[in-house]
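Structure, rendered in structure tokens:
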């Protein structure tokens with residue numbers, strides 16, 4: 011599904027910073043645990059399709075962007 015974990019980690023981190031979404035808020039709102047989020051941001055783990063969809067819906071970006079398909 012995700013071809014380059016570094017691109018995903020970079021884009022997810024960038025979107026979170028730009029939108030001023032607190033990482034703890036993602037956990038409190040049931041999107042993802044902070045431990046798992048940090049693993050994604052370090053490129054150690056990749057999200058499931060369900061988690062990817064949750065990020066996209068919550069943050070307001072496309073999966074294509076997070077996956078590196080668009081600039």
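Residue numbers (our numbering): 11 to 81.
Glycine is no exception: its CB is placed at the ideal position from the N, C-alpha and C atoms.
Under the three-state reduction of DSSP output, residue 45 falls in the helix class.
When rounded, the separation of the alpha-carbon atoms in residue 46 and residue 52 is 10 Å.
In this chain, the alpha helix (DSSP H) harbouring residue 33 covers 33-38. Classified as buried, residue 50 has 16 or more neighbouring CB atoms from the shown chains inside 10 Å of its CB. In the structure shown, residue 52 adopts coil according to DSSP, grouped into three states.
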